[in-house]
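Before any comments, here is the structure.
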Amino acid sequence: MSRLALATVALVFAAGCAGTPETPLVPGEGYLHFKEGRMWYQVVGSGPGTPVIMLHGGPGFSSHYLTPLTALADERPVIIYDQLGSGRSDPTTDSTLWTEAAFVAQLEALRDSLGISTFHLLGHSWGTMLGTQYYFAHPDRVVSLVLSSPALSIPDWLADGRALLATMSDSVQQAVAKYEASGDYASPEYQAAVMAFYQKFVSRAEPWSVYSDSTFAAYNPKIYGYMWGPSEFPATGPLQGFDVTDSLSLIRV
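With our numbering, letter number 122 in the sequence shown gets 617, and the count goes up by one each step, no holes.
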């Protein structure tokens, strides 16, 4: 991540420094028991600034790719964690845990376990959906809310994705159309088309960083498929109707 990007995020955090953890945070890794499994987390740094908790994308991916943002730990504790069912956390088979409310409850359980009264909250992609829902449930806990690659209206997100897909080669577009029509999302040709889309619009790094590779290696397709759908383009799960654009004016940070 560039120094400019880190500086921008740091400025946002510096704007709200009112809260401090009730108990000192100890750097290191740990597990929090939640429902049927253990949730992995890591605390980096022990500076005096208000802690920041980071929410990874997905659902079903891990926090590996957020590791470069721990550079912010020179001023404050940075907390990353893998949502239950993905990454270094325990896998889950209980679909009642694959809901927005359950993921909000996981974050609140982590906050409570670490003894944090208030904190900065940074979400990326699906993490912005989770971040807004946490804020609406616990507004007094959140000092600032950073939304990176926000997915705040899934109908708009899907329309934008289709517009980007239309800029790709005919072969990619035809593969997507062919296998979406047949429902054969596991086809190597379809998966290659999706990866071509990711390489153009998700990460253009060549090769991908070890953090990106680790994120995809730790991916849980069952959670992603249940909550979102078979790929980036068709949303068939309960998140397909997510839209908080009319509620954004209620965010007061």
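Just so it is clear, CB atoms sit at the ideal spot from N, CA and C, and this is done for glycine as well.
Through-space distance from residue j to residue i, alpha-carbon basis
i, j, result
"serine 445", "aspartate 635", "As shown, the chain starts at 496 and ends at 748. That puts residue 445 outside it, with no answer to give."
"threonine 594", "glycine 540", "31 Å"
"phenylalanine 477", "serine 677", "Any question about residue 477 goes unanswered here, given that the chain covers just 496 to 748."
"leucine 564", "valine 538", "12 Å"
"leucine 527", "tyrosine 685", "38 Å"
"serine 648", "glycine 555", "19 Å"
"alanine 661", "proline 522", "46 Å"
"threonine 591", "tyrosine 706", "29 Å"
"serine 666", "alanine 688", "8 Å"
"isoleucine 746", "proline 683", "43 Å"
"alanine 700", "isoleucine 718", "26 Å"
"tryptophan 535", "glutamate 675", "35 Å"
"histidine 559", "alanine 596", "23 Å"
"glycine 582", "isoleucine 575", "12 Å"
"aspartate 679", "alanine 672", "11 Å"
"glutamine 668", "methionine 690", "12 Å"
"aspartate 585", "tyrosine 629", "22 Å"
"alanine 509", "leucine 561", "In this predicted model, alanine 509 has a pLDDT of only 45, less than 50, meaning its place in the structure is not dependable; the value taken from the coordinates is given anyway. Taking the straight line from one Cα to the other gives about 20 Å."
"proline 750", "threonine 740", "The structure shown does not extend to residue 750, since the chain is modelled only from 496 through 748, so no value can be given for it."
"histidine 633", "arginine 657", "34 Å"
Where residue i falls, given that 16 or more other Cβ within 10 Å makes a residue buried
i, result
"threonine 518", "exposed"
"alanine 730", "buried"
"valine 573", "buried"
"alanine 654", "exposed"
"arginine 606", "buried"
"arginine 571", "buried"
"alanine 712", "exposed"
"proline 725", "buried"
"proline 645", "buried"
"serine 698", "exposed"
"glutamine 578", "buried"
"proline 516", "Confidence is the limiting factor: at proline 516 the pLDDT is only 41, short of 50, which leaves the residue's position unreliable, though a coordinate-based value still follows. Label assigned to proline 516: buried."
"glutamate 727", "buried"
Sheet register partners of residue i (DSSP bridge)
i, result
"glutamate 524", "Gln537"
"tyrosine 576", "Tyr536"
"methionine 549", "Ile575 and Leu617"
"aspartate 738", "Ser648"
Beta carbon of residue i nearer than 9 Å to that of residue j
i, j, result
"phenylalanine 696", "leucine 659", "yes"
"leucine 550", "glycine 626", "yes"
"glutamate 531", "aspartate 589", "yes"
"serine 785", "threonine 623", "As shown, the chain starts at 496 and ends at 748. That puts residue 785 outside it, with no answer to give."
"methionine 663", "phenylalanine 692", "yes"
"tryptophan 621", "glycine 552", "yes"
"leucine 520", "proline 546", "yes"
Which whole runs of the beta strand (DSSP E) in the segment 586-647 are 3 residues long or more, in chain order?
-> Runs of the beta strand (DSSP E) inside the segment 586-647: 614-619 and 637-643.
Kindly provide the ranges of any beta strand (DSSP E) runs that are 3 or more residues long and lie completely inside the segment 636-715, ordered along the chain.
-> Within the segment 636-715, the complete beta strand (DSSP E) segments of 3 residues or longer fall at 637-643, listed in chain order.
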